[in-house]
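Numbering (the UniProt record's numbering), first residue to last: 1 to 311. Note that CB positions come from ideal geometry on N, CA and C, so glycine has one too. A quick write-up on the structure given underneath.
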């Protein structure tokens, strides 16, 4: 589908207010994710925690995606054919950040699952290193793929035409596949993690609650079973980490379903392209905002930093 300049200008005029709203959401997302990133780096407890260390790359991706979203809206607001290549590059960065975000949540889900297995700490740490190498490899492959697709699809046309969904069907298919695979991994391993935590929470110890004697002075020991204090503490931390990753997965799932509905609507009715393009971007920006707000609220060391209650 070719988008003419006149059609693009009409779309620009119709979506001008929406674009400014997108710009505001992008600014909010940039500020919040920057604060979360600073909090992660400033809090020693978070830097030393393996789970929260894996959240740092996700926050960086969200920050880059938010910045790209803001840059995209600025390019649209200052519409000019001279920046058409900048436009398509920014749009590619946004799509890349979306894919990387889903991949990182899958990595987090896998890490949470393997951390609940009855394995020695050394084995878990080695597996975590391997998981990190796998994540880095997948990230590199995704980035290279996006760069190649962008380089082979840039041609003549204005800003809107160059970043048209129809000009890069390979990216749409590849991105949708990444989302589906990542969500499948997320849901599966979150369920398995929950079951492991529930099973281990029932691990018990024996406590002598009382000693009674009868007439013959023979002692009768009364005992009770209960989860050990150490196990209760560990499971509490694991449940909290599972809550964090589950919220991230839910927000990403809602976003991905909405985006796929948009892609299907565009395919069935190409005339809706211009009217839903900005919605496609703002959905991801809203996800970045929700994720950062939830991290600040739910992660205690971050909350202490931002409320000036850190010890």
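Please determine whether the Cβ atom of residue 302 lies at a distance below 6 Å from any heavy atom of the ligand COA. Among the ligands in the structure shown, none appear at all, so the ligand COA cannot be discussed.
Pull up the distance between the alpha-carbon of residue 74 and that of residue 62, whole angstroms please. 18 Å
Within its chain, find whatever has a CB closer than 7 Å to the CB of residue 34; leave out the 5 residues flanking it on each side and keep chain order. 63
Short Cβ contact (7 Å threshold) for residue 175 with residue 99: yes
Judging by CA-CA distance, which residue of 262, 247, 128 and 302 is the nearest neighbour of residue 291? That would be 247, whose Cα lies nearest to the Cα of residue 291.
Where do the ends of the alpha helix (DSSP H) carrying residue 46 lie? 44 to 48
On a Cα-Cα basis, can you pick out the residue from 102, 68, 120 and 28 that is closest to residue 86? Of the candidates 102, 68, 120 and 28, the one whose C-alpha sits nearest the C-alpha of residue 86 is 68.
Work out the CA separation of residue 295 and residue 251 for me, nearest whole Å. 13 Å
Comparing C-alpha positions only, which one of 51, 147 and 133 sits nearest to residue 96? 147
Which value, in whole angstroms, describes the spacing of the CA atoms of residue 27 and residue 90? 16 Å
Same chain, Cβ closer than 6 Å to residue 2, neighbours up to 5 away in sequence not counted: Its pLDDT being 46, under 50, residue 2 is placed unreliably by the model, and the measurement read from it follows with that caveat. Excluding sequence neighbours, residue 2 sits near nothing in its chain.
Using 8 Å as the cut-off, can you tell me whether the segment 115 to 122 makes contact with the segment 255 to 267, which would need three or more C-beta pairs spanning the two stretches below that distance? no
Of all the options 138, 298 and 281, which has the alpha carbon lying nearest to the alpha carbon of residue 243? 298
Identity of the residue in 130, 199 and 70 nearest residue 234 by Cα: 199
Residue 22 versus residue 190: straight-line alpha-carbon distance, rounded: 32 Å
Run through DSSP, which three-state label would residue 207 get? Note that residue 207 scores 48 on pLDDT, short of 50, meaning its location in the model is unreliable and no value can be drawn from it.
With distance defined between alpha-carbon atoms, name the residue in 37, 185 and 24 nearest to residue 104. 185
For a test of the three-state rule: what should DSSP assign to residue 299, helix, strand or coil? coil
Beta-carbon separation (whole angstroms), residue 239 vs residue 197, contact threshold 8 Å: At roughly 6 Å, the Cβ-Cβ gap stays under 8 Å, so residue 239 and residue 197 are in contact.
Distance, Cα to Cα, residue 300 vs residue 183? 27 Å
Should residue 123 be labelled buried (16 or more other beta-carbon atoms within 10 Å of its own) or exposed? That one is exposed.
Taking the alpha-carbon of residue 60 as reference, which of 232, 49, 279 and 38 has the nearest alpha-carbon? 38
Just checking my contact of residue 262 with residue 279 at CB under 8 Å: how many whole Å lie between their CB atoms? 6 Å
Let me check understanding here. Comparing Cα to Cα, which of 260, 286, 45 and 125 lies closest to residue 178? 260
Helix, strand or coil at residue 57 [DSSP, three-state]: helix
Determine whether the Cβ of residue 282 lies closer than 7 Å to any Cβ atom of chain D. You won't find chain D in this structure, because it holds only one protein chain.
Neighbourhood of residue 66 by C-beta, 7 Å cutoff - its chain only, sequence neighbours within 5 removed: Same-chain partners within the cutoff: 26, 29, 30, 33, 285 and 288.
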